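Numbering (our numbering), first residue to last: -12 to 122. Report on the structure given below.
This is the structure in structure tokens:
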């Protein structure tokens, strides 16, 4: 797990590279299937922390956009890092869709190409679905 700290710090530094902010602020928490059954905490609609039965992940959302102004559907692209409790770790690129639900709820689904860095680079693909409530 100590090997993951520099990796998470590097990914968090992507915030300095972002020139455009979504303008949204707040705190949301929910459940997801990402690192198996997981708890998700999102800050400022940009920093997503996930901890679950299989491991932990951090995603920094680089860009968000919408398809149509009248649809509650939007997309996002990010950069992240992940680590499993059995020593696997790596980086990932979350590509997702988000649906704004009534009363502060938000549902998302994403695929994330992953580069597993444990025992040499290995390309993988992962996915996640989750629901969050914004406070």
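All residues carry an ideal CB built from backbone N, CA and C; glycine is no exception. Model, not experiment: these values are computed from the prediction.
Open item on the list: Whole angstroms are fine: how far does the CA of residue 28 sit from the CA of residue 22?
Closed with: Mapped onto the chain shown, residue 22 falls at position 35. Mapped onto the chain shown, residue 28 falls at position 41. Residue 22 and residue 28 have their C-alpha atoms spaced approximately 13 Å apart.
TODO: Can you have a look at residue 122 and say buried or exposed, based on whether 16 or more other CB atoms are within 10 angstroms of its CB?
DONE: Numbered from its first residue, the chain shown carries residue 122 at position 135. Its Cβ having fewer than 16 others within 10 Å, residue 122 is exposed.
Open item on the list: Quick test of the definition: if touching needs 3 or more C-beta pairs under 8 Å, does the region 49 to 57 touch the region 105 to 112?
Closed with: Segments in contact, no.
Open item on the list: By alpha-carbon positions, which one of 91, 86, 42, 85 ends up nearest to residue 69?
Closed with: The residue labelled residue 69 in the question sits at position 82 within the chain shown. For the residues 91, 86, 42, 85, the minimum Cα distance to residue 69 belongs to 42.
Task: Euclidean distance between Cα positions of residue 47 and residue 16 - done: The residue labelled residue 47 in the question sits at position 60 within the chain shown. The residue labelled residue 16 in the question sits at position 29 within the chain shown. If you draw a straight line from the Cα of residue 47 to the Cα of residue 16, it comes to about 16 Å.
TODO: Can you say whether residue 76 is buried or exposed, counting buried as having 16 or more other CB atoms within 10 angstroms of its CB?
DONE: As a position in the chain shown, residue 76 is number 89, starting the count at 1. Here residue 76 is buried. Its C-beta has 16 or more other C-beta atoms within 10 Å.
- [ ] Out of 101, 67, 120, state which residue places its alpha-carbon closest to the alpha-carbon of residue 113.
- [x] Here residue 113 refers to the residue found at position 126 of the chain shown. Checked all of 101, 67, 120; the closest Cα to residue 113 is 101.
- [ ] In the DSSP assignment, find the beta strand (DSSP E) that holds residue 71 and state where it starts and stops.
- [x] Taking the chain shown and counting its residues from 1, one reaches residue 71 at position 84. Residue 71: member of the beta strand (DSSP E) spanning 60 to 71, first to last residue.
Task: Within 8 Å, strictly: CB atoms of residue 66 and residue 80 - done: Locating residue 66 in the chain shown gives position 79, where the first residue counts as 1. Locating residue 80 in the chain shown gives position 93, where the first residue counts as 1. Against a cut-off of 8 Å, the Cβ pair of residue 80 and residue 66 comes out as a contact.
Open item on the list: Quick check on residue 90: buried or exposed, where buried means 16 or more other Cβ atoms within 10 Å of its Cβ?
Closed with: The count along the chain shown starts at 1 and reaches residue 90 at position 103. Per the 10 Å Cβ criterion, exposed.
TODO: Quickly, what does DSSP pair residue 107 with across the bridge? List them, please.
DONE: In the chain shown, counting from the first residue as 1, residue 107 sits at position 120. Paired residues: none, contrary to the question.
TODO: Compare the beta carbon distance of residue 19 and residue 116 with 8 Å and say whether it is the shorter of the two.
DONE: Position 32 of the chain shown holds residue 19. Position 129 of the chain shown holds residue 116. Yes, these two residues count as a Cβ contact at 8 Å.
TODO: Would you give the residue range spanned by the beta strand (DSSP E) that residue 14 belongs to?
DONE: The residue you call residue 14 lines up with position 27 of the chain shown. Residue 14: member of the beta strand (DSSP E) spanning 14 to 21, first to last residue.
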